[in-house]
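J.: Quick note: the sequence shown uses the working numbering, first residue 391, plus one each step.
Note that the Cβ used here is the ideal one computed from N, Cα and C, for glycine as well.
All values derive from a computational prediction rather than experimental measurement.
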Amino acid sequence: MIPEKLKKEVQQKSMIPMIIWGALCMSIVVYFVVATLITQSNKPEPVPSVLHMVLGGLGVLLTLASLGLFQFRSSEKWLKNNLPKDSIDGDEYSTMISSLFGKAFPLFIINLVLNEAIAIFGFVLAVIGQQASLLYPFAGGALLLNLIMFPNFSRMMGRAIRMKRM
């Protein structure tokens, strides 16, 4: 059983990533709206196939990098490597949680930045080609990745506390 004081601390630390996550998901929706408004009255232009291939390839590469980083930071191995080696008592749990959050948060931000870059590549294609539909696979993929990577630091902290008690 996780002490109530510790639960509250974990919930407070979990709010910042959720706010950032929500803001970046909304920015992808804004890309949809802006691209649609910009391209609505314009005649579609052909996008150079090289640019289409480069940005599409980079989008796939960033998707794989983002998924790989997500798997890495969600793994038991990463968690074990970032927990204190010796046993800890009640007061040290708070220090452990702060340390673990400090190590996981930058990786979470990198994940979101990679996902955002995917949507930006699609936005660039849509604006250059004057077709909002060029954005859809990129932004849809970025939103899907963001949904997969919803910040659930509470679950990670709970796993860490249970691991240290074993």
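So, using beta-carbon positions, are residue 456 and residue 535 closer together than 7 Å?
T.: By one-based count along the sequence shown, residue 456 stands at place 66. By one-based count along the sequence shown, residue 535 stands at place 145. Contact: yes.
J.: Would you mind reading off the limits of the alpha helix (DSSP H) that contains residue 467?
T.: For the purposes of this step, residue 467 is taken as the residue at position 77 of the sequence shown. Its alpha helix (DSSP H) spans residues 466-471.
J.: Name the two residues that bound the continuous alpha helix (DSSP H) containing residue 525.
T.: Counting from one through the sequence shown, the residue named residue 525 turns up at place 135. Here residue 525 belongs to no alpha helix (DSSP H), and DSSP marks it neither H nor E.
J.: When the Cα atoms are used, what is the spatial distance from residue 473 to residue 434?
T.: Here residue 473 refers to the residue found at position 83 of the sequence shown. Here residue 434 refers to the residue found at position 44 of the sequence shown. Taking the straight line from one Cα to the other gives about 54 Å.
J.: Measure the alpha-carbon distance for residue 449 versus residue 484 and round it to whole angstroms.
T.: One-based indexing of the sequence shown puts residue 449 at position 59. One-based indexing of the sequence shown puts residue 484 at position 94. In a straight line, the C-alpha of residue 449 is about 39 Å away from that of residue 484.
J.: My guess is that residue 525 and residue 515 are in contact by the Cβ rule of under 8 Å, so how many angstroms apart are they, rounded?
T.: As a first step, residue 525 must be located in the sequence shown, where it is residue number 135. As a first step, residue 515 must be located in the sequence shown, where it is residue number 125. 7 Å between Cβ atoms; contact.
J.: What are the start and end residues of the alpha helix (DSSP H) that includes residue 394?
T.: In the sequence shown, residue 394 corresponds to position 4, counting from 1. Here the alpha helix (DSSP H) through residue 394 covers 394-429.
J.: For my contact list, residue 517 and residue 428 are in at a C-beta cut-off of 8 Å; report their separation, rounded to the angstrom.
T.: To locate residue 517, count along the sequence shown from 1; it is residue 127. To locate residue 428, count along the sequence shown from 1; it is residue 38. Correct: roughly 6 Å between the Cβ atoms.
J.: Excluding the 5 residues preceding and the 5 following residue 539 in the sequence, name in chain order all residues of the same chain whose CB lies nearer than 6 Å to its CB.
T.: The residue labelled residue 539 in the question sits at position 149 within the sequence shown. Cβ neighbours of residue 539 beyond the five flanking positions: 460 and 501.
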